[in-house]
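Take a look at the structure below.
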Amino acid sequence: MRLDKFLSDCGVGTRSQVKKDIREGRVCVNGEICRSPETKISPDSDAVSLQGRLLGYSRFEYYMLNKPAGCVCAARDNLHPTIFDWIPMNPRKDLAAVGRLDLDTEGLLLVTNDGALSHRLLSPRHHVNKLYEARVSGWLTEEDTASFAKGIDIGDEKQTLPAELMIVESGEESFCRVTIHEGRYHQIKRMFHSLGKEVLWLKRLQMGTFVLDEKLAPGEWRRLNERELEDVEKYKSGHL
Numbered sequence: 002m003r004l005d006k007f008l009s010d011c012g013v014g015t016r017s018q019v020k021k022d023i024r025e026g027r028v029c030v031n032g033e034i035c036r037s038p039e040t041k042i043s044p045d046s047d048a049v050s051l052q053g054r055l056l057g058y059s060r061f062e063y064y065m066l067n068k069p070a071g072c073v074c075a076a077r078d079n080l081h082p083t084i085f086d087w088i089p090m091n092p093r094k095d096l097a098a099v100g101r102l103d104l105d106t107e108g109l110l111l112v113t114n115d116g117a118l119s120h121r122l123l124s125p126r127h128h129v130n131k132l133y134e135a136r137v138s139g140w141l142t143e144e145d146t147a148s149f150a151k152g153i154d155i156g157d158e159k160q161t162l163p164a165e166l167m168i169v170e171s172g173e174e175s176f177c178r179v180t181i182h183e184g185r186y187h188q189i190k191r192m193f194h195s196l197g198k199e200v201l202w203l204k205r206l207q208m209g210t211f212v213l214d215e216k217l218a219p220g221e222w223r224r225l226n227e228r229e230l231e232d233v234e235k236y237k238s239g240h241l
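Be aware that the sequence shown starts at 2, since it is given in the numbering used here, and climbs by one per residue.
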């Protein structure tokens, strides 16, 4: 890996900024000043320091965001703020959301550059559970619960997989929890719409073993903790 790419991947500056640091003698490789941005180094075996600070290279990054309503899960958008207005964009610019949430949907969002984890959590054949809270228009009934349990025709080639609807409060506006095992486009909204109800508010609480941190206010984020990183490895190895 080129030295300037290594430094920018470590998040210490843009490619142009780290090139300047290298040329001005601020960077050492294995204890020796290196002034060539093109120098090839091994992230696993070479010791690289910037102004005396040893740098550690992390191939993958993992964040948890409590996504607020009103932002999109894209890197950039001409009409709306994006999740990267809250999470600082990595200089590699390779971070992406794991399972996008709609503009007006809130809650748990994992953001990473680990494509293997994203594939494992999103692949239809693995049926990873996703738990949501929802407020919907109209009375919810046990008949609705049974419809969710059987699967619902939402206009696709196949009806949805069986899902769990737990009614918390039923009224002219009802409150519930929904667990689905796939991730079709606008799935929960379309399921309720098929039953003659409209989703007024939607929040994701959980994806697989990853649970939204209650300490995170809307728009706040943190890196995954040690236990969550253990689950990352379990998913990727097929043990979850």
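By construction, the Cβ of each residue, glycine as well, lies at the ideal position given by its N, Cα and C atoms. Bear in mind the structure is a predicted one, so any value in this text is a computation, not a measurement.
| How big is the Cα-Cα spacing for valine 112 and threonine 83? | As a working note, residue 112 is residue 111 in the sequence shown. As a working note, residue 83 is residue 82 in the sequence shown. Note on geometry: alpha-carbon atoms of valine 112 and threonine 83 lie some 12 Å from one another.
*Verify whether the separation of the beta carbon atoms of alanine 164 and asparagine 67 is less than 8 Å.*
Your numbering for residue 164 matches position 163 in the sequence shown. Your numbering for residue 67 matches position 66 in the sequence shown. With respect to asparagine 67, alanine 164 sits apart: the two C-beta atoms are not nearer than 8 Å.
According to DSSP, residues forming a beta bridge with cysteine 29: Counting from 1 along the sequence shown, the entry for residue 29 is found at position 28. Ile34 and Ser50.
I'd like the span of the beta strand (DSSP E) that includes lysine 131, first residue to last. Reading the sequence shown from its first residue, position 130 is the one you call residue 131. In this chain, the beta strand (DSSP E) harbouring lysine 131 covers 131-138.
What's the C-alpha gap between threonine 243 and aspartate 22?
Examination of residue 243 is not possible in this model, given that the chain is present from 2 through 241 alone.
Using C-beta distances below 7 Å, list every residue in its chain close to glutamate 62, excluding the 5 sequence neighbours before and after it, in chain order. Translated into positions along the sequence shown, residue 62 becomes position 61. The residues Asn91, Leu96, Thr113 and Asn114, in chain order, have a CB closer than 7 Å to that of glutamate 62 in the same chain once the five nearest residues on each side in sequence are set aside.
Just curious, the alpha helix (DSSP H) that serine 148 is in, first and last residue? Translated into positions along the sequence shown, residue 148 becomes position 147. Per DSSP, the continuous alpha helix (DSSP H) segment holding serine 148 begins and ends at 143-151.
query: Exposed or buried, which one is arginine 121 when buried takes at least 16 other CB atoms within 10 Å?
result: Within the sequence shown, residue 121 is the residue found at index 120, counting from 1. It counts as buried.
### Query
Any idea if serine 175 is buried or exposed, counting beta-carbon neighbours within 10 angstroms, 16 or more meaning buried?
Here residue 175 corresponds to residue number 174 of the sequence shown, with the count starting at 1. Serine 175 is buried by the Cβ-count criterion.
Notebook entry, point to check: Per DSSP, what kind of secondary structure is alanine 98 in: helix, strand or coil?
Noted result: Counting from one through the sequence shown, the residue named residue 98 turns up at place 97. Reduced to three states, the DSSP call for alanine 98 is strand.
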